[in-house]
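Visitor: Numbering (the UniProt record's numbering), first residue to last: 1 to 152.
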Amino acid sequence: MPRKAGGEWEYVDKVKPLPKGNWTCKCKFCGHVWDGGANRIRAHILGLKGYGVDKCAQAPRNIQEACRKLLAKSSQESGSCSNVNVMYQNEEILENESANVVEDIDASQPCGDSSSLHASQKRKTSQGPLQKAWEAQARDDADKALRRFFFA
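#1: Quick check on Lys132: does DSSP put it in helix, strand or coil?
#2: Tell me the DSSP secondary structure of Glu8 in three-state form.
#3: Along the chain, where does the beta strand (DSSP E) containing Val33 start, and where does it finish?
#4: Could you tell me the distance, in whole angstroms, from the CA atom of Asn39 to the CA atom of His32?
#5: In this structure, what does DSSP give as the bridge partners for Lys14?
#6: Of the residues Gln58, Asp54 and Gly37, which one's Cα is nearest the Cα of Leu71?
#7: Determine the burial state of Lys14: buried for a count of at least 16 other Cβ atoms within 10 Å of its Cβ, exposed for fewer.
Set out below in structure tokens:
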């Protein structure tokens with residue numbers, strides 16, 4: 001049984017069907033045309049980065065709020081964390097509506113393992129004194145070789 005279409009489909013015209021439930025879509029607000037599904041519609045209206053679709057500059061605030069709620073709902077249903085930290089192309093929207101994003105998207109629930117959330121902040125392993133001494137010796141040897149090369 002097919003899934004029920006989400007509310008984001010009301011904001012686009014379906015131009016041409018594509019494989020796997022995707023469509024060539026045309027935005028009802030700005031006329032931008034792209035290929036994709038519900039995720040790319042929400043990304044277009046909210047101005048999310050990383051979806052390969054431009055931001056809709058003419059979408060009304062109430063439509064953006066509705067899409068933001070749909071985004072929060074879909075990320076809770078799928079159990080993914082990919083849309084919790086929403087980045088906007090327009091910094092003004094981020095500044096003006098940061099309180100609304102926090103209210104709509106509940107990031108307090110754990111999802112995924114902690115290493116995937118903070119991959120760039122992994123703890124560096126400490127080096128023992130033997131490793132540090134070896135690096136110091138190698139550095140001194142390299143310095144001597146360079147001095148011999150340039151000044152010998």
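All C-beta atoms in this analysis are idealised placements derived from N, C-alpha and C, irrespective of residue type, glycine included.
Guide: Short version:
#1: helix
#2: Glu8: helix per DSSP, three-state reduction.
#3: Val33 to Gly36
#4: 15 angstroms
#5: Cys25
#6: Gly37
#7: exposed
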